[in-house]
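Asks:
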């Protein structure tokens with residue numbers, strides 16, 4: 015039982031979500047008669063959802079810190095329209111446009127972060143106001159018109175990895191990327207196992223590790239195959255590449271760095287964090303600012319993909335991003351959540367959307383189903399917590415094997431102390 | 040021992056062979072409790088002995104069917120299915136964490152869920168009149184319209200009792216009623232309990248303050264490891280504190296404090312003329328021109344009633360984490376320090392263990408290892424990247440040296456008992472390697488055995504040459520632990536006594552009056 019738990023990293027919700035994701039994919043693959051796992055569809059799915067997933071990365075940090083950001087859709091739209099205007103009216107090259115867009119995100123984030131962190135206004139209010147302000151600003155500066163962007167700028171939203179090297183029938187760069195990912199996964203798994211062993215911590219049995227690696231690498235290689243065999247001209251999409259890089263960076267920041275620890279600490283217990291020397295205002299400021307930067311990036315990717323900026327870009331994105339984060343295991347009260355969990359949560363929503371579309375289900379029903387999925391996912395988690403935090407694996411395995419749990423809540427008994435006589 | 044009076048006094052409550060199991064744990068095993076009508080019955084036991092569980096069984100929090108055994112109340116076997124059912128029968132439990140709503144008035148709180156109505160509309164006039172009567176009965180002089188948040192904890196406790204009286208209580212259960220009260224509020228509450236007894240209300244009291252129990256209880260049932268050990272009749276058996284402790288721990292406790300040979304050096308830490316304003320109220324001072332010093336290797340106690348300004352002093356010194364700084368100087372090793380943030384204070388070698396572990400000291404979502412390193416992440420990181428291996432090793436080291444009971448350092452701190460949580464908090468501050476460590480109520484809510492261990496750790500830190508400040512509401516603890524004790528009253532330091540000249544009486548006198556006493560700095564203002 016412990017071995018199985020280790021296999022999925024111990025996190026109940028994440029484990030549940032991975033299963034849900036796989037089950038959904040299998041379900042749709044069967045009921046769409048194989049139209050789900052085709053190159054074209056998978057590439058589409060990534061293209062159409064990468065900006066929501068990028069928002070989910072920023073949003074999970076905001077939610078871990080105990081806040082929320084309702085303004086992301088409006089901020090994305092505002093940055094999008096500004097960049098489109100910079101490029102069209104000022105004739106800036108695409109890379110300067112992107113840089114300007116990111117700087118605009120910094121400025122907007124500093125504005126919102128200032129009110130949240132230093133004035134102490136709840137983020138809900140600040141970003142609700144931001145939602146109105148930046149939506150209005152988008153329509154004001156764009157005069158509610160559609161503003162087209164140049165083809166080279168469109169590359170960040172709709173480009174693909176180029177074809178280089180010998181003709182292999184596959185997209186060489188995509189294949190290389192897939193192989194690099196597999197190598198990285200195997201390498202890091204072996205390394206972490208070695209250090210855990212050196213420290214004397216529990217390591218799962220070898221077969222567990224091998225099984226885990228086979229499953230993960232299999233999934234990566236299969237995805238690589240799908241991306242590399244798309245119709246000519248398509249391969250792994252650029253937004254997907256940006257997303258992958260961001261997942262790596264933010265996954266690392268949130269789990270391995272000092273600032274990551276501080277974000278969890280502030281969200282978990284702000285007072286305790288402050289009394290441990292954490293500068294909670296700075297943390298809150300940075301988290302809010304980061305969200306706006308990522309929103310700006312998502313806005314630009316969307317403009318690139320849709321070839322033009324419009325007055326209704328990004329409407330409702332905040333809700334998709336927030337839903338992804340909560341499906342991915344974050345807690346409304348803060349302090350809990352992971353980047354990778356949010357990505358999985360976002361993918362669950364994306365696959366659901368895509369699969370229902372392929373099945374010809376209307377947008378009305380799709381929304382109802384998505385709403386129910388969000389509710390059920392969180393309800394399941396809440397139920398688990400009230401049931402003494404037993405994990406899904408634990409529940410499944412309840413009747414097998416012996417319970418080897420050690421009771422944690424055990425104070426030193428007085429008699430022992432006396433007999434020990436310190 | 041109980042056979043003396045069983046025939047003369049009728050029982051109001053008898054709990055027979057109560058057994059309650061949680062998954063994997065037997066919280067209560069065959070516990071029996073016999074409470075006579077009209078008496079004050081105390082339940083004593085270490086933390087985790089099962090006292091609260093027993094009371095939850097009685098009050099229907101754990102409904103009929105989730106336990107085995109019988110509850111006989113007023114000569115009938117009861118099957119309470121929830122708290123409402125037990126309250127309906129006249130059993131009211133007042134928990135340690137008060138169940139009052141801060142924003143509502145006294146009247147609204149007393150009648151919450153039980154509002155008097157006239158034609159479906161709440162009759163506030165009636166409610167207010169009845170509240171006035173009830174407040175008079177519990178001896179609380181407050182306007183019934185005062186919001187709960189504006190009265191102190193002691194008075195809130197009285198409102199809870201008034202609320203219970205309003206439900207025509209027959210059996211009142213008080214779980215640690217004086218834990219958060221100062222001495223005079225505690226005394227008032229104990230007097231009130233005796234008064235209620237005079238009116239025929241039976242009370243069950245759970246308390247760690249054995250002197251109080253000795254003072255008011257008629258009988259004491261001792262619970263240890265989920266079993267009822269014995270029932271003592273206070274008068275007939277001549278029960279005193281040592282006798283109760285013996286029952287609780289199973290043998291006599293020779294000393295409640297480890298032996299300690301202080302090694303006191305020169306002055307290490309000094310605060311001079313410290314003035315701090317209340318965070319919200321403009322002209323109110325929470326620290327009035329306070330001056331004190333601590334020497335290397337010395338354990339200095341701070342005695343004061345709840346609200347006297349002990350925590351306020353400590354927290355304002357610790358990087359101005361409380362109140363509005365007005366004026367004052369902090370010196371370490373003779374050099375003046377500017378401590379404007381907690382970070383600066385930690386960097387300067389200060390540590391502060393908070394009084395309220397759960398809301399200020401711990402992130403309950405964290406595991407032990409993350410908590411242990413949380414105040415000194417820099418030491419285990421390189422280029423802002425936390426080294427998980429070092430983190431594990433550090434936490435493991437402290438787990439061993441402090442004897443924290445846990446299956447692993449990856450366990451969540453929320454799952455630990457109070458004593459073990461406190462050890463983790465101590466580990467966290469020990470890892471910052473402070474020269475000056477301030478401990479605010481270090482043993483609150485911790486049972487006797489773990490207290491002894493915590494005392495040992497504190498003494499060891501002092502012997503390493505650190506300056507240790509202990510703030511505590513328990514005078515015996517301060518007397519047993521400190522080398523010198525400062526007293527605080529209404530934000531001002533009113534005196535300082537050496538270990539050999541301090542007694543509960545002399546401290547209490549200084550803690551309750553702003554008398555001008557010999558003070559080390561001679562700057563006391565009134």
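Protein chains in written order, with the working numbering: chain C, 15 to 436; chain P, 40 to 565. Ideal Cβ placement from N, Cα and C applies to all residues, glycine included.
(1) Under the rule that 16 or more other beta-carbon atoms within 10 Å means buried, what is residue 233 of chain P, buried or exposed?
(2) Taking only beta-carbon atoms, is residue 31 of chain C less than 8 Å away from chain P?
(3) Strictly below 7 Å CB to CB, what residues from chain C border residue 382 of chain P?
(4) For the segment 245-257 of chain P, list every residue whose C-beta sits within 9 Å of some C-beta in chain C, in sequence order.
(5) Name, going along the chain, the residues of the segment 101-126 of chain P whose beta-carbon falls closer than 8 Å to a beta-carbon of chain C.
(6) Could you have a look at residue 450 of chain P and say whether DSSP puts it in helix, strand or coil?
(7) Do you know offhand how far residue 383 of chain C's Cα is from residue 314 of chain C's?
(8) If I measure Cβ to Cβ from residue 336 of chain P and keep anything under 7 Å in the same chain, skipping five residues before and after, which residues do I get?
(9) Mind checking residue 107 of chain P: buried by the 16 CB within 10 Å criterion, or exposed?
(10) In whole angstroms, what is the alpha-carbon distance linking residue 276 of chain C and residue 297 of chain C?
(11) Alpha carbon to alpha carbon, what distance is there between residue 73 of chain P and residue 49 of chain P?
(12) Does the beta carbon of residue 285 of chain C come closer than 8 Å to any beta carbon on chain P?
(13) For the segment 294-371 of chain P, which segments carrying the alpha helix (DSSP H) assignment without a break, of at least 4 residues, lie completely within its bounds, in sequence order?
(14) From residue 179 of chain C to residue 333 of chain C, what does the alpha carbon distance come to, in whole angstroms?
(15) Closer than 8 Å, CB to CB, is residue 270 of chain C near chain P or not?
(16) Residues in the segment 62-84 of chain C with C-beta within 7 Å of chain P's C-beta atoms, listed in sequence order?
(17) Of all the residues that make up the segment 342-370 of chain C, which are near chain P by a beta-carbon distance shorter than 7 Å?
(18) Excluding the five sequence neighbours on either side, which residues of its own chain have a C-beta within less than 7 Å of the C-beta of residue 243 of chain C, listed in chain order?
(19) For residue 265 of chain P versus residue 89 of chain P, is the C-beta distance shorter than 8 Å?
(20) What are the start and end residues of each continuous alpha helix (DSSP H) run of 4 or more residues lying completely inside the segment 196-251 of chain C, in chain order?
(21) Is it true that the CB of residue 315 of chain P sits closer than 8 Å to the CB of residue 364 of chain P?
(22) In the DSSP assignment, what residue or residues form a beta bridge with residue 492 of chain P?
(23) Residue 203 of chain C touches chain P at which residues, Cβ-Cβ below 9 Å?
(24) DSSP three-state label for residue 273 of chain C, please.
(25) Strictly under 8 Å for the Cβ-Cβ distance: is residue 548 of chain P near chain C by that measure?
(26) Output needed for residue 296 of chain P: all residues of its chain with C-beta closer than 8 Å, excluding positions within five of it in sequence on either side, in chain order.
(27) On the DSSP bridge assignment, give the partners of residue 241 of chain P in chain order.
(28) Considering only residues of the same chain and omitting the five flanking positions on each side of residue 292 of chain C, which have a CB-CB separation below 7 Å?
(29) Which one of P/369, P/99 and P/161 has the shortest CA to CA distance from residue 312 of chain P?
(30) Of all the CB atoms in chain C, is at least one closer than 8 Å to the CB of residue 267 of chain P?
(31) Near residue 240 of chain C, what residues of its chain come up, given a Cβ to Cβ distance below 6 Å and the 5 sequence neighbours on each side ignored?
(32) What do you get for residue 158 of chain C, buried or exposed, if any count of 16 or more other CB atoms within 10 angstroms of its CB means buried?
(33) Secondary structure at residue 48 of chain P, three-state DSSP: helix, strand or coil?
(34) Out of P/161, P/527 and P/123, which one is the CA nearest neighbour of residue 331 of chain P?
(35) Using the Cβ count rule (16 or more neighbours within 10 Å means buried), how would you classify residue 323 of chain P?
(36) Return the CA-CA distance between residue 213 of chain C and residue 419 of chain P, expressed in angstroms with no decimal places.
Replies: Working from what's here:
(1) With fewer than 16 other Cβ atoms within 10 Å, it is exposed.
(2) No - not a single Cβ of chain P is within 8 Å of the one on residue 31 of chain C.
(3) Residues of chain C passing the Cβ test: 291 and 293.
(4) Contacts with chain C (Cβ-Cβ distance below 9 Å) from the segment 245-257 of chain P involve no residue at all.
(5) So nothing in the stretch comes that close.
(6) Here residue 450 of chain P sits in coil by DSSP.
(7) Rounded to whole angstroms, residue 383 of chain C to residue 314 of chain C spans 29 Å at the Cα level.
(8) Around residue 336 of chain P: 301, 302, 303, 304, 501, 502 and 504.
(9) Flag for residue 107 of chain P reads exposed.
(10) Roughly 7 Å between the two C-alpha positions.
(11) Answer to the nearest angstrom: the Cα atoms are 10 Å apart.
(12) When Cβ-Cβ separations below 8 Å define contact, residue 285 of chain C makes contact with chain P.
(13) DSSP assignment within the segment 294-371 of chain P yields the following whole alpha helix (DSSP H) runs of 4 residues or more, N-terminal first: 349-356.
(14) Straight-line Cα distance between these residues: approximately 42 Å.
(15) So yes, residue 270 of chain C belongs to the interface.
(16) For the segment 62-84 of chain C, which is checked against every Cβ of chain P, not one residue is closer than 7 Å.
(17) Here the close residues are 349 and 350.
(18) Around residue 243 of chain C: 53 and 184.
(19) Contact flag set, yes.
(20) Within the segment 196-251 of chain C, the complete alpha helix (DSSP H) runs of at least 4 residues are 220-242.
(21) A contact, by the Cβ cut-off of 8 Å.
(22) The partner list for residue 492 of chain P (beta bridge, DSSP) is empty, contrary to what the question assumes.
(23) Within chain P, no C-beta atom comes less than 9 Å from the C-beta of residue 203 of chain C; the nearest is roughly 15 Å away.
(24) Here residue 273 of chain C carries a helix assignment [DSSP, helix/strand/coil].
(25) Chain C places no beta carbon closer than 8 Å to that of residue 548 of chain P, leaving this residue out of the contacts.
(26) Scanning its chain for C-beta atoms nearer than 8 Å, with the 5 sequence neighbours on each side dropped, one finds around residue 296 of chain P the residues 491, 494, 519 and 520, in chain order.
(27) P/210, per the DSSP bridge assignment.
(28) Listed in chain order, the non-local C-beta contacts of residue 292 of chain C below 7 Å within the same chain comprise 276, 279 and 280, local neighbours out to five positions each way being set aside.
(29) Of P/369, P/99 and P/161, the residue nearest in Cα terms is P/369.
(30) Not an interface residue.
(31) Listed in chain order, the non-local C-beta contacts of residue 240 of chain C below 6 Å within the same chain comprise 53 and 56, local neighbours out to five positions each way being set aside.
(32) The C-beta of residue 158 of chain C has fewer than 16 other C-beta atoms within 10 Å across all chains shown, which makes the residue exposed.
(33) Reduced to three states, the DSSP call for residue 48 of chain P is coil.
(34) It is P/527.
(35) Classification of residue 323 of chain P: exposed, given that the 10 Å Cβ count is below 16.
(36) Each residue's alpha carbon lies about 15 Å from the other.
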